Amino acid sequence: MSDARLPSRTDPSVPKPKRFVFVLLDSFTLLSFAAAVESLRIANRMAGKTLYEWQIVGEGGDTVKCSAGSVFKLDGDLEELSRDDTVLVCGGIEVQAATTKRILGWLRREARKGAMIGGLCTAAFTLAKAGLLDGKKATIHWENQDSFAEDFEDVILTKSVFVVDGNRLTTAGGTSSIDLMLKLIADEHGEDLGNLVADQLIYTSIRTDQDTQRLSVPTRIGVRHPKLSQVIQMMESNIEEPISPSTLAKDVGMSTRQLERLFRRYLNRSPKRYYMELRLQKARNLLMQTDMSVINVALACGFASPSHFSKCYRAHYDTTPYRERGSHAARLSF
Numbered sequence: 035m036s037d038a039r040l041p042s043r044t045d046p047s048v049p050k051p052k053r054f055v056f057v058l059l060d061s062f063t064l065l066s067f068a069a070a071v072e073s074l075r076i077a078n079r080m081a082g083k084t085l086y087e088w089q090i091v092g093e094g095g096d097t098v099k100c101s102a103g104s105v106f107k108l109d110g111d112l113e114e115l116s117r118d119d120t121v122l123v124c125g126g127i128e129v130q131a132a133t134t135k136r137i138l139g140w141l142r143r144e145a146r147k148g149a150m151i152g153g154l155c156t157a158a159f160t161l162a163k164a165g166l167l168d169g170k171k172a173t174i175h176w177e178n179q180d181s182f183a184e185d186f187e188d189v190i191l192t193k194s195v196f197v198v199d200g201n202r203l204t205t206a207g208g209t210s211s212i213d214l215m216l217k218l219i220a221d222e223h224g225e226d227l228g229n230l231v232a233d234q235l236i237y238t239s240i241r242t243d244q245d246t247q248r249l250s251v252p253t254r255i256g257v258r259h260p261k262l263s264q265v266i267q268m269m270e271s272n273i274e275e276p277i278s279p280s281t282l283a284k285d286v287g288m289s290t291r292q293l294e295r296l297f298r299r300y301l302n303r304s305p306k307r308y309y310m311e312l313r314l315q316k317a318r319n320l321l322m323q324t325d326m327s328v329i330n331v332a333l334a335c336g337f338a339s340p341s342h343f344s345k346c347y348r349a350h351y352d353t354t355p356y357r358e359r360g361s362h363a364a365r366l367s368f
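First residue of the sequence shown? That's 35 in the working numbering, and the numbers climb one at a time after it.
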């Protein structure tokens with residue numbers, strides 16, 4: 035790294051360092067946590083002074099394991115904080131199981147003080163479960179969006195890489211922690227420092243809260259065909275009430291046969307088959323991430339008949355929805 039820094043501030047009126055308290059949930063995502071901490075560390079280095087301090091806490095105050103298997107020593111337990119602290123909860127896989135009653139109670143208590151509280155990666159679930167996102171805009175990793183939308187109807191869910199709504203912060207996971215921290219650093223200490231931190235991270239494309247977390251449809255499927263992309267977007271937006279292939283074709287100005295040929299040529303499957311795979315993927319997410327009944331999962335994914343849903347699910351995943359739910363619950367209890 036270079037030694038380029040902003041001029042040091044010697045003014046004694048400069049506020050004391052801002053403190054971040056990272057709450058590590060069991061099986062938290064290491065990348066999201068590390069990206070946030072490194073952004074703060076580099077900000078201090080570039081400024082030539084301690085602008086930020088941080089503490090790592092968690093339930094029990096001893097150790098916690100990330101989803102990659104590494105064990106981290108905590109600085110302390112869930113203790114009372116100052117209202118000036120910024121709390122960032124770090125989630126990961128199986129966030130539902132990691133969101134305990136004690137953590138929820140602690141978050142509610144700190145929220146009553148007016149503290150700024152955020153959720154990195156899947157920890158938006160934890161904040162929402164505590165009631166801290168009701169009426170707020172928020173985001174969560176795209177893989178958890180379906181279940182989150184079903185569980186928390188009072189939260190205004192977006193697909194942004196991060197969201198700042200008042201004193202609530204949420205990110206989609208992965209490198210989106212960097213984007214959030216760069217915004218917070220720039221808001222407090224100026225864009226010059228934010229840009230210096232980005233350069234040190236070799237982060238050449240800073241995203242805003244207007245950027246979405248997933249690749250565009252053409253990039254994701256590796257095909258740049260405007261009508262095909264338009265049809266797939268319509269499918270993804272209409273899972274609960276599927277649209278017929280004839281209607282999809284008509285809406286993009288082509289015949290049903292032309293649509294069939296388009297899907298066969300670029301995706302090697304029929305429109306009906308592709309649509310079914312999208313619906314079954316959402317169904318699997320809901321089965322593994324929510325407590326919704328199998329019947330309600332079927333309805334949420336456009337299956338009017340539970341038996342038809344079970345048949346389609348078994349043909350695609352080689353197991354039934356009930357067994358999928360049961361095996362997932364067994365893994366959680368192990």
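Cβ coordinates follow ideal geometry from the N, Cα and C atoms, glycine included. Small disclaimer: the values here were computed from a predicted structure and weren't measured.
What do you reckon, are the CB atoms on residue i and residue j nearer than 8 Å?
i      : j      : result
Leu161 : Gly153 : yes
Ala69  : Ser211 : yes
Thr204 : Ile174 : yes
Gln179 : Phe159 : no
Gly207 : Cys155 : yes
Asp60  : Ala132 : yes
Ala317 : Val331 : yes
Val121 : Ala164 : no
Asp245 : Ser194 : yes
Arg53  : Glu87  : yes
Ile127 : Ser101 : yes
Leu74  : Met215 : yes
Ile90  : Asp111 : no
Pro51  : Thr84  : yes
Val197 : Ala232 : no
Phe288 : Lys261 : At residue 288 the sequence reads Met, which differs from the Phe that was named. A contact, by the Cβ cut-off of 8 Å.
Considering just the uninterrupted stretch of the beta strand (DSSP E) at residue i, what are its terminal residues?
i      : result
Lys52  : 52 to 58
Gly153 : 150 to 154
Which residues mark the beginning and the end of the alpha helix (DSSP H) in which residue i is found?
i      : result
Leu122 : It is not in any alpha helix (DSSP H) - Leu122 instead sits in the beta strand (DSSP E) that spans 120 to 124.
Tyr351 : 340 to 351
Thr97  : That residue, Thr97, is in no alpha helix (DSSP H); its beta strand (DSSP E) goes 97 to 99.
Ser104 : Run containing Ser104: none; DSSP gives neither H nor E here.
Ser263 : 260 to 271
Tyr309 : 305 to 323
Glu144 : 135 to 146
Phe159 : 158 to 163
Ile329 : 328 to 334
State the beta-bridge partners of residue i as determined by DSSP.
i      : result
Gly110 : Val91
Phe62  : Cys100, Gly126
Tyr86  : Lys52
Lys171 : Ile190
Thr246 : Ser194
- Message: With three or more beta-carbon pairs closer than 8 Å as the criterion, would you say the segment 260 to 267 touches the segment 285 to 293?
- Response: Counting Cβ pairs under 8 Å, three or more are found: they touch.
- Message: Extract the residue ranges of the alpha helix (DSSP H) inside the segment 176 to 229, only unbroken runs of 4 or more that lie entirely within it.
- Response: The segment 176 to 229 contains these whole alpha helix (DSSP H) runs: 179 to 185, 210 to 223.
- On the three-pair Cβ rule with 8 Å, is the segment 298 to 306 touching the segment 330 to 341? With the cut-off at 8 Å, the segment 298 to 306 and the segment 330 to 341 do not touch.
- Message: When you compare the segment 62 to 79 with the segment 138 to 149, are there three or more beta-carbon pairs, one atom per stretch, that lie closer than 8 Å?
- Response: As far as the Cβ criterion goes, the segment 62 to 79 does not touch the segment 138 to 149, which means the pair count is below three.
- Task: Could you tell me which uninterrupted alpha helix (DSSP H) segments, each at least 4 residues in length, are contained entirely in the segment 278 to 303, listed from first to last along the chain?
- Result: Within the segment 278 to 303, the complete alpha helix (DSSP H) segments at least 4 residues long are 279 to 285, 290 to 301, listed from N- to C-terminus.
- Three or more C-beta pairs closer than 8 Å, one from the segment 342 to 362 and one from the segment 315 to 323: is that the case here? The answer is yes - the segment 315 to 323 touches the segment 342 to 362, with three or more Cβ pairs under 8 Å.
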